[in-house]
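Colleague: Protein chains in written order, with this note's numbering: chain A, 9 to 120; chain B, 834 to 1321.
Think of the CB as a built atom: it goes at the ideal place given N, C-alpha and C, for glycine as much as any other residue.
As the structure is a prediction and not an experimental result, all values here were calculated from the model.
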Amino acid sequence: MIIYVTAIVLVAIGTYAIIVKENLIKKVIGLGLFTNGIHLLLISIGYRAGGIAPIFLEGMDLSYFSLTAVDPLPQALVLTSIVIELSVIALALALIIKYHKMSGTLNSSKKV
Amino acid sequence: MCFYMAYFNLIVPVLLAAVLGITITSGRHKDYHWRISFWAVFISLGLLLMDFSEIMSSKIITYNMLGWNPPLGICFAVDLVGYLVMSLVAVTALAALVISRREIHDDKKEFYALFLLLFLGLAGVSMTGDIFNLFVFFEILSIASYALVSYSGRMGSVASSVRFLIMGSFATSLILLGIAFIYGSLGTLNMADISRSLTNSSTTASLAGLGLLLCGFSFKAAAAPFHAWKPSVIRYTPLSLGLMFTAGGTTIGLYTIFRLAATIGGFDMSWLLISLSLLTMVVGAVLAFQTHNLKKLLAYSAISQSGYVLFGLGIGSYTGALYHLVNLVIIDMLLFAASYIVIRHFRSSNLDRMGGLGSGNPLLLASFGVGALSLAGLPLFNGFSSKLIIYIAGFEVFPLGAIAAMLVSVLTLAYCSKMMFMIFFSNMKGDSRISLDLDLKLVLVILAGLCVAFGVFQSPVTDVMAAIAGSGLDRELYIRTVLGIGGV
């Protein structure tokens, strides 16, 4: 339960920062929080208390495996999404540096 | 198995984009980059045509990645609607490349590597049968477009790119959140499997997921209230790129909404789509009327027109929606090509500084006029034929909405006449002839001809669109083919 609450809180803080904050760096931080909240949610969907790694080893009982192995798919999704998130944030920061150099401000609502 | 299409259409652009990326520093001329991208898009279009007979006979062709069968594996599934959209994207990319050859400066070679990535993303979205894969392709096309928007390095383009990036990533994250909800409640990512599970049971979580997907897709389609990014982005980008965003990006966004409404289903979203569409139509047309910038006007008018497609989807006139989508792509290509010539001549996209092109440029005047009249939906032009289908269907379901759509059409005529007047008939002094190269002339003539042809030959085109829409709506067939059940 606590994990879902954490995910919701992260998503909420992220949304707040993206929409309300005017500083571009804070917006990007908000974006990071938002996506990480979603990642946490995805991971917790596949989580199983006391679960084992989803690798079927020799001599393992099939019903035991299917009852205790965690779902590997959300982890693959999160891994993909983390890589995408990384590149988006890197690009965002590069653009913000350029924006700051040209305009001398980090305020997104200032008319340029 | 759509081997050609699913495999090579993705591999060709990505490989050639990699080649272009590596050779940016090698001192090759821009024309080399242009030629490679042109061939990449051309080959994609050719591969698409090679699959034509197969898609006509089997309606849906699927390809399972690495032989893993869905719902476990990732699959590509192209039905007739996806095929149509994919062809529209490829043709748009060809037209954009023709414009970009002159528009892009010689020292901006990286444009083409990113352009191919954008094309790859658009193509991937129209082919995939898996929502997470769809998200990945959306991210590919988004990241390429953020970089492309900022590429000119001027203040305005960097500023609009930063804002576009933050809003765009937020929207794609909403899609990811939607995917998380759907996977959590249904345990599958395959569109056909989602559709099948939703007919049996739909929970609050899965509905929330679908709603989030709709928000994200509406952002990509630039439907109001998610439209704000588009005009500023198009204002600061070259017209060739603006064409990719309007004709390519909007088409893909609308296609995903079609997929959501027709294939995945799950809940009746017609009233949601109708309200979204009316808002989009009105907001786009009003803003188009008050702007004095040609590029922004084109962007707003594309937003407003995509509202008609959404309206068609909402009232269930899928034939009209698809017909209008095809017409929009043709009109957009024509207007962007003609505007490129106009903006190059005046070195500005401000309508107040334009004028006097009315004498001495019959071809430009005629093609721009055909584009504007088609947009406004006058009889004999293609915009009329598709809007008529939507109006007729609309009167049966929701007469008030159809009347609103007609009023927006009047507003469209108003801003189109304003645009035509300011470019061609104001500030008439003497002769201002613009010399056109052969390829631009050819593009204008072909596209204007298509506008008229799609308007005059209304009934055969309608039949074709009805057949495509009918097969796109056949949810049973889609599920059976993709999941490989029922002896297909």
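1. Could you tell me whether the Cβ of residue 1349 (chain B) comes closer than 8 Å to any Cβ of chain A?
2. For chain B, check one thing: does any of its Cβ atoms lie closer than 8 Å to the Cβ of residue 111 (chain A)?
3. Roughly how many angstroms lie between the CA atoms of residue 55 (chain A) and residue 1292 (chain B), to the nearest whole one?
4. With a Cβ-Cβ cutoff of 8 Å, do residue 1131 (chain B) and residue 1075 (chain B) count as a contact?
5. Can you list, in chain order, the residues of its chain whose CB lies under 7 Å from that of residue 1100 (chain B), leaving out five sequence neighbours each side?
6. Along the chain, where does the beta strand (DSSP E) containing residue 897 (chain B) start, and where does it finish?
7. Contact criterion: CB-CB distance below 8 Å. Does residue 1303 (chain B) meet it with respect to chain A?
8. Please list, in chain order, the residues of the region 965-986 of chain B that have any C-beta partner in chain A closer than 7 Å.
9. Can you grab the Cα-Cα spacing for the pair residue 94 (chain A) / residue 104 (chain A), in whole Å?
10. Report the neighbours of residue 100 (chain A) on chain B: residues whose CB is nearer than 9 Å to its CB, in chain order.
11. Do we get a CB-CB distance below 8 Å when we pair residue 103 (chain A) with the residues of chain B?
12. Counting beta carbon pairs with one atom in the region 1177-1195 of chain B and one in the region 1285-1303 of chain B, are three or more of them shorter than 8 Å?
13. Buried or exposed: where does residue 1306 (chain B) fall if 16 or more other Cβ atoms within 10 Å of its Cβ makes it buried?
14. Just list the beta strand (DSSP E) runs in the region 887-963 of chain B, keeping only unbroken ones of 3 residues or longer that don't cross its boundaries, in chain order.
15. For a cutoff of 8 Å on Cβ pairs, would you count residue 1191 (chain B) as touching chain A?
16. Let me check one thing: in DSSP terms, what residues is residue 1194 (chain B) bridge-paired to?
17. Just list the alpha helix (DSSP H) runs in the region 1195-1247 of chain B, keeping only unbroken ones of 4 residues or longer that don't cross its boundaries, in chain order.
18. Looking at chain B, is there any beta carbon in it that lies within less than 8 Å of the beta carbon of residue 71 (chain A)?
19. So, at 7 Å on beta carbons, what are the nonlocal neighbours of residue 26 (chain A) in its own chain, with the 5 sequence-adjacent residues on each side left out?
20. Residue 1157 (chain B) and residue 1219 (chain B) look like a contact to me (Cβ under 8 Å); what is the Cβ gap, rounded to whole Å?
21. Is residue 1260 (chain B) helix, strand or coil when you go by DSSP?
22. Please classify residue 109 (chain A) as buried or exposed, where buried requires at least 16 neighbouring CB atoms within 10 angstroms.
23. Hey, residue 1144 (chain B) and residue 1286 (chain B): beta-carbon distance below 8 Å or not?
24. According to a CB-to-CB cut-off of less than 8 Å, which residues of the region 898-910 of chain B neighbour chain A?
25. If we count Cβ pairs, one from each stretch, closer than 8 Å, do we get three or more for the region 980-998 of chain B versus the region 1024-1038 of chain B?
26. Report yes if the CB atom of residue 1058 (chain B) is closer than 8 Å to the CB atom of residue 1112 (chain B), and no otherwise.
27. When you compare only the Cα positions, how much space is there between residue 47 (chain A) and residue 1079 (chain B)?
28. What is the DSSP secondary structure of residue 1061 (chain B), reduced to helix, strand or coil?
29. Check residue 1323 (chain B) in the structure and name its three-state DSSP category.
30. Output yes or no for whether 8 Å exceeds the beta carbon distance between residue 904 (chain B) and residue 1021 (chain B).
31. In three-state DSSP terms, what is residue 77 (chain A)?
32. Let me check understanding here. Comparing Cα to Cα, which of B:853, B:896 and B:1204 lies closest to residue 1281 (chain B)?
33. Determine, using beta carbons only, whether residue 1302 (chain B) and residue 1155 (chain B) come nearer to each other than 8 Å.
34. I need the DSSP call for residue 1067 (chain B), collapsed to helix, strand or coil.
35. For the alpha helix (DSSP H) that residue 880 (chain B) lies in, which residues bound it at each end?
Modeller: In brief:
1. This structure cannot settle anything about residue 1349 (chain B), because the visible part of chain B is limited to 834 through 1321.
2. Counted from its first residue, the first sequence places residue 111 (chain A) at position 103. Residue 111 (chain A) counts as touching chain B.
3. The residue you call residue 55 (chain A) lines up with position 47 of the first sequence. The residue you call residue 1292 (chain B) lines up with position 459 of the second sequence. Rounded to the nearest angstrom, the two C-alpha atoms are 56 Å apart.
4. For this step, residue 1131 (chain B) is matched to residue 298 along the second sequence. For this step, residue 1075 (chain B) is matched to residue 242 along the second sequence. The answer is yes: Cβ separation under 8 Å.
5. In the second sequence, residue 1100 (chain B) corresponds to position 267, counting from 1. Hits under 7 Å: 1035, 1040 and 1043.
6. In the second sequence, counting from the first residue as 1, residue 897 (chain B) sits at position 64. In the DSSP assignment, residue 897 (chain B) falls within the beta strand (DSSP E) that extends over 894-897.
7. In the second sequence, counting from the first residue as 1, residue 1303 (chain B) sits at position 470. Taking Cβ atoms only, chain A never reaches closer than 8 Å to residue 1303 (chain B), which makes this a no.
8. 965, 969, 972, 976, 979, 980 and 983
9. Locating residue 94 (chain A) in the first sequence gives position 86, counting from the first residue. Locating residue 104 (chain A) in the first sequence gives position 96, counting from the first residue. Cα to Cα, residue 94 (chain A) sits roughly 15 Å from residue 104 (chain A).
10. Within the first sequence, numbered from 1, the residue matching residue 100 (chain A) stands at position 92. Within 9 Å Cβ-Cβ: 979, 995, 998, 999 and 1002.
11. Sequence index remark: in the first sequence, residue 103 (chain A) carries index 95 (1-based). With respect to chain B, the C-beta atom of residue 103 (chain A) has a partner C-beta closer than 8 Å.
12. no
13. As a position in the second sequence, residue 1306 (chain B) is number 473, starting the count at 1. Classification for residue 1306 (chain B): buried.
14. 894-897 and 908-911
15. The sequence position of residue 1191 (chain B) within the second sequence is 358, counting from 1. For residue 1191 (chain B), the answer is no, since every Cβ of chain A falls outside 8 Å of its Cβ.
16. Translated into the one-based positions of the second sequence, residue 1194 (chain B) becomes position 361. The beta-bridge partner set that DSSP reports for residue 1194 (chain B) is empty.
17. Those alpha helix (DSSP H) runs which fall completely within the region 1195-1247 of chain B and span 4+ residues are 1195-1209 and 1215-1230.
18. Numbered from 1 along the first sequence, position 63 holds the residue referred to as residue 71 (chain A). Cβ-Cβ to chain B under 8 Å: no for residue 71 (chain A).
19. For the purposes of this step, residue 26 (chain A) is taken as the residue at position 18 of the first sequence. Cβ within range, chain order: 35, 38, 39 and 42.
20. Here residue 1157 (chain B) corresponds to residue number 324 of the second sequence, with the count starting at 1. Here residue 1219 (chain B) corresponds to residue number 386 of the second sequence, with the count starting at 1. Contact flag correct, Cβ pair sits at about 4 Å.
21. Translated into positions along the second sequence, residue 1260 (chain B) becomes position 427. In the three-state DSSP reduction, residue 1260 (chain B) falls in the coil class, being neither helix nor strand.
22. Counting from one through the first sequence, the residue named residue 109 (chain A) turns up at place 101. Result: exposed.
23. Translated into the one-based positions of the second sequence, residue 1144 (chain B) becomes position 311. Translated into the one-based positions of the second sequence, residue 1286 (chain B) becomes position 453. Their beta carbons are not under 8 Å apart, which means residue 1144 (chain B) does not touch residue 1286 (chain B) by this criterion.
24. Within the region 898-910 of chain B, no residue qualifies.
25. no
26. As a first step, residue 1058 (chain B) must be located in the second sequence, where it is residue number 225. As a first step, residue 1112 (chain B) must be located in the second sequence, where it is residue number 279. For residue 1058 (chain B) and residue 1112 (chain B), yes; Cβs fall inside 8 Å.
27. Here the question's residue 47 (chain A) lines up with position 39 in the first sequence. Here the question's residue 1079 (chain B) lines up with position 246 in the second sequence. In a straight line, the C-alpha of residue 47 (chain A) is about 31 Å away from that of residue 1079 (chain B).
28. The residue you call residue 1061 (chain B) lines up with position 228 of the second sequence. In the structure shown, residue 1061 (chain B) sits in coil (DSSP, three-state: anything other than H, G, I, E or B).
29. Examination of residue 1323 (chain B) is not possible in this model, given that chain B is present from 834 through 1321 alone.
30. For the purposes of this step, residue 904 (chain B) is identified with residue 71 of the second sequence, where counting begins at 1. For the purposes of this step, residue 1021 (chain B) is identified with residue 188 of the second sequence, where counting begins at 1. Result yes, Cβ atoms of residue 904 (chain B) and residue 1021 (chain B) sit closer than 8 Å.
31. Here residue 77 (chain A) is taken as the residue at index 69 of the first sequence, counted from 1. Here residue 77 (chain A) sits in strand by DSSP.
32. Residue 1281 (chain B) sits at position 448 when you count from the first residue of the second sequence. Taking only the C-alpha atoms, the option nearest residue 1281 (chain B) is B:1204.
33. Residue mapping note: residue 1302 (chain B) aligns to position 469 of the second sequence, counting from 1. Residue mapping note: residue 1155 (chain B) aligns to position 322 of the second sequence, counting from 1. A contact, by the Cβ cut-off of 8 Å.
34. Counting from 1 along the second sequence, the entry for residue 1067 (chain B) is found at position 234. If DSSP states are grouped into helix, strand and coil, residue 1067 (chain B) belongs with the helices.
35. Here residue 880 (chain B) refers to the residue found at position 47 when the second sequence is read from its first residue. 863-883 is the span of the alpha helix (DSSP H), which, as asked, contains residue 880 (chain B).
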